[in-house]
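Trainee: Following this message is one structure expressed as structure tokens.
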Amino acid sequence: MKSLTLLFLLVILIGGSSAQNASQREWKIFRKGVSEYQNGNYDLALQSFSLMLNKLPNSALTTANFLMLAKTNYKAGHYQTSLEQCSNFLNRFPKSAYRDDILLLAGNNYYRLNRIDAAVEQWLLAAKNADDPSLAKKAWQRALDAARFKLNRFALEKMEQTNGDAFVRTALSLMVAEKLWSDGKKNQARNKLNTTTLRGMPPQILAYAGRLKNLFSGKMVNEWHVALLLPLSGENAPLGRDFKQGVELAVAKYNKLHAKPIVLKTYDYKGQLIPALRHMRQIADDPNILFVFGPLENDITAACASVANYEGLTLISPTATEAAITQLSANSILLSPTLETRSRILATFAVDSLKLKRFAALTPLDDYFLRLEDNFKSTLLESGAEMAAEEWYIPGDQSFKKQFKILKRIGLKLSFADSVLLEQPLLTQHEIDSSYRAWQKDIREKMKESKTKIDSVDLEVTAFNGLFLPVYREDIGLMASQFAFANIKTQLLGNSDWYDLRELKKNRNYINGLIFVSDGYLNENDWNYRQFRNAFRDRFKSTPSRYALIAYDSFSYISAIFSDDASLSRRGISPAVVGLPDSQGLFRKFAIDQSRSNRAVNILKYMYDQLIPLQ
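Mature numbering (1 follows the signal peptide of the UniProt record, and there is no 0) puts the sequence shown at residues -19 to -1, 1 to 596.
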């Protein structure tokens, strides 16, 4: 719940003068409860809200505490208790401004208790009573989805016969008509729709009835045409196939819920620039196509963005990370966080949250990785930290012994300098260097006299607070083992290629505690993900890859600009996407700002075979 404390302050202060009479003590307890709720400390939140209700039953904040108590019990998984509190609230405060919130929450509890019929009825009541249009839309959509996918026609008919609310009964009648149509009983569906009384019904009922009328009459409705520009043959064909399947599943879900469908037109650019540009011209010449979804590669996306800019066509890439692409076209949108965003947020997190100050880096000699490290370093310097040592390696190298040896040498010298400066803080760098050389000479002579041999591996280096280690995914095993062998004790920081659970588990003994930046995070136990995975398997007879998941998330997010009542042209696509609210998909988060790129990333920690989201 975003800015929950501020939300309740505003609602209560504006919604009723009685809240203005709340004492400072009451506000303190309430705010404490909200803070614990936000942080997921539900037991502590329950204590605060219960204290208010038990000790201060006549508080001006009683209804707000009651609502938050029921919400907290829901979050804690106490669905029956939360439901009882919702019922008690409605009996005690039937005219409360929070009535619609409570009805929505009651529906959620019924759903969790697998009482789908009661959930649908509560959600419909919430949609009817809500003053907040977004809450009304949410409740209405939940009721429609549950009726479509969780209830059969006979259950809906029984609910229609027994419910006493005209709004709910009318909605249920239309749901029965839709079920009849889905069951192949076309004439009965038409008759049911025609005999449903719509006079005096609100807009959502009338819009629903209108969509059913168009569906039952066979009337052609407008379509949303979208071009898929993907590499479906050539070297990147498996990648293109995964993206195509993810998009198709997202479109299928959208089209089930809307009378005005999305129609995909697929173009294969074979992973090559010239075919991609040729297809862009073809797409631009088709006035029905609203936007292009793709390409996937940075360089091809950049070239296509220039064509898109000339043609006034919006291009939306789910994977490109080059910030300059959005400068080539005012209509280009990047759904993957840019290189700059990833490195900046990781560096800021390392300094501000982890309190690290001195860093080292080992980077592949590749333009992307060099820029990643350069932006990481720039952010460190702006934050008052330092990049004390940098080393590089040629992509494809099998050994990094030389680079780690140099880093260790620098680290040992820094440790010596730190210890000397503690005793003599006014020493110059030249004096420190001279002292270090003298110390090294002395150590070598003592070792020679004692005939002692020390393996450099035995020397533990602790001078660096953090080591930035961006890698190619295929190098994880080599890099992890050699990092551990180097005996550099520091916080390991990485790029998104470290997100490979199989490789991480293979190397768990080497990189436990690794923190890395990622464009997403997948909780495989999440109910919504399992639903997606099962639907994908049913449709494509295979398990979805991460790329299919990214495609599904990305297109589901974009499709929010569409609706049966929306009116969009090519020129309106880019502003519509920029205007979308921040959203959390199954894997990827989306927060598109005025730069037309995604500023949302995840900071993940690998600890004891588990990935832990830190941000």
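Ideal placement from N, C-alpha and C gives every residue a C-beta, glycine not left out.
In this text, all values refer to a predicted model and were calculated from it rather than measured experimentally.
Run through the DSSP bridge pairs and tell me what Val442 is partnered with.
Mentor: Ile469
Trainee: Enumerate in chain order the residues of its own chain whose CB-to-CB distance from Asp164 is below 7 Å, with the five nearest sequence positions on each side excluded.
Mentor: Excluding sequence positions up to five before and after Asp164, its CB lies within less than 7 Å of the CB of Arg134, all in the same chain and listed in chain order.
Trainee: What is the residue span of the alpha helix (DSSP H) that Glu7 lies within?
Mentor: 5 to 19
Trainee: Given a threshold of 16 other Cβ atoms within 10 Å of its Cβ, counted over all protein chains shown, does Gln263 qualify as buried or as exposed?
Mentor: exposed
Trainee: Considering just the uninterrupted stretch of the alpha helix (DSSP H) at Lys109, what are its terminal residues?
Mentor: 97 to 110
Trainee: Given Pro594, which residues of its chain have a CB within under 7 Å of its CB, disregarding the five upstream and five downstream residues?
Mentor: Tyr502, Asn583, Leu585, listed in sequence order.
Trainee: Under a Cβ-count criterion, where at least 16 other Cβ atoms within 10 Å of its own Cβ denotes burial, should Ser400 be classed as buried or exposed?
Mentor: exposed
Trainee: For Val202, which residues of its own chain have a beta-carbon under 7 Å away from its beta-carbon, when the five flanking residues on both sides are left out?
Mentor: Here Val202 scores only 49 on pLDDT, less than 50, and its place in the model is too uncertain to base an answer on.
Trainee: How would you call Asp378, buried or exposed, if buried means at least 16 neighbouring beta carbons within 10 angstroms?
Mentor: Classification for Asp378: exposed.
Trainee: Rounded to whole angstroms, what's the CA-CA distance from Ala78 to Asn172? Just pull it up for me.
Mentor: 39 Å
Trainee: For Ile457, collect the residues of the same chain with a Cβ closer than 7 Å to its Cβ; drop the 5 residues on either side in sequence, then sort them by chain order.
Mentor: Trp479, Asp481, Glu484, Asn488
Trainee: Short of 8 Å in beta carbon distance, which residues of its chain neighbour Arg150, apart from the five on each side in sequence? Order them along the chain.
Mentor: Glu141, Asn144
Trainee: Along the chain, which unbroken stretches of the alpha helix (DSSP H) at least 4 residues long are found entirely within the segment 236 to 307?
Mentor: 254 to 266, 279 to 292
Trainee: So the alpha helix (DSSP H) Thr329 belongs to, where does it begin and stop?
Mentor: 320 to 333
Trainee: Does the beta-carbon of Thr322 have 16 or more other beta-carbons within 10 angstroms, so that it is buried, or is it exposed?
Mentor: buried
Trainee: Using C-beta distances below 8 Å, list every residue in its chain close to Asn110, excluding the 5 sequence neighbours before and after it, in chain order.
Mentor: Arg80, Asp81, Leu84
Trainee: Using the Cα positions of Gly14 and Asp113, report the straight-line distance between them to the nearest angstrom.
Mentor: Cα atoms of Gly14 and Asp113: separation of roughly 24 Å, rounded to the nearest angstrom.
Trainee: Can you tell me which of His59, Leu343, Leu337, Ser154 puts its alpha carbon nearest to the alpha carbon of Ser364?
Mentor: Leu337
Trainee: Taking the alpha helix (DSSP H) that Val558 belongs to, which residues open and close that run?
Mentor: 551 to 559
Trainee: Alpha carbon to alpha carbon, what distance is there between Tyr23 and Met49?
Mentor: 11 Å
Trainee: Which complete alpha helix (DSSP H) runs does the segment 477 to 556 hold, if anything under 4 residues is left out?
Mentor: 482 to 487, 489 to 492, 508 to 521, 527 to 539
Trainee: Identify which residue in Arg418, Ser317, Ser535, Ala461 has its Cα closest to the Cα of Val498.
Mentor: Ser317
Trainee: Would you mind listing the alpha helix (DSSP H) stretches within the segment 328 to 411 that are 4+ residues and don't spill past its ends, in chain order?
Mentor: 348 to 363, 382 to 404
Trainee: Alpha carbon to alpha carbon, what distance is there between Ser63 and Ala57?
Mentor: 9 Å
Trainee: Taking a contact to mean a Cβ-Cβ separation below 8 Å, would you say Ile539 touches Ile297 in this structure?
Mentor: Note that the C-beta distance between Ile539 and Ile297 is below 8 Å.
Trainee: Count Cβ pairs between the segment 124 to 134 and the segment 92 to 99 that sit closer than 8 Å; are there 3 or more?
Mentor: Note that the segment 124 to 134 touches the segment 92 to 99; at least 3 beta-carbon pairs, one per stretch, sit closer than 8 Å.
Trainee: Going by other Cβ atoms of all chains shown within 10 Å of its Cβ, with 16 needed for buried, is Tyr18 buried or exposed?
Mentor: buried
Trainee: For Val149, which three-state DSSP category applies?
Mentor: helix
Trainee: Taking just the CA atoms, how far does Phe11 sit from Gln5?
Mentor: 10 Å
Trainee: Within 10 angstroms of the Cβ of Thr282, are there 16 or more other Cβ atoms? Answer buried if so, exposed if not.
Mentor: buried
Trainee: Measuring CB to CB, does Leu361 end up less than 8 Å from Val332?
Mentor: Contact flag set, yes.
Trainee: Quick check: what's the CA-CA separation for Leu567 versus Asn579?
Mentor: Each residue's Cα considered, the two are about 16 Å apart.
Trainee: Between the C-alpha atoms of Trp8 and Gln405, what's the straight-line distance to the nearest angstrom?
Mentor: 53 Å
Trainee: Could you name the residues that DSSP lists as bridge partners for Pro594?
Mentor: Leu585
Trainee: Over the uninterrupted alpha helix (DSSP H) stretch that includes Ser68, give me the two end residues.
Mentor: Taken as a continuous stretch (DSSP letters only), the alpha helix (DSSP H) holding Ser68 covers 60 to 73.
Trainee: Report buried or exposed for Val244, applying the criterion of at least 16 other Cβ atoms within 10 angstroms of its Cβ.
Mentor: exposed
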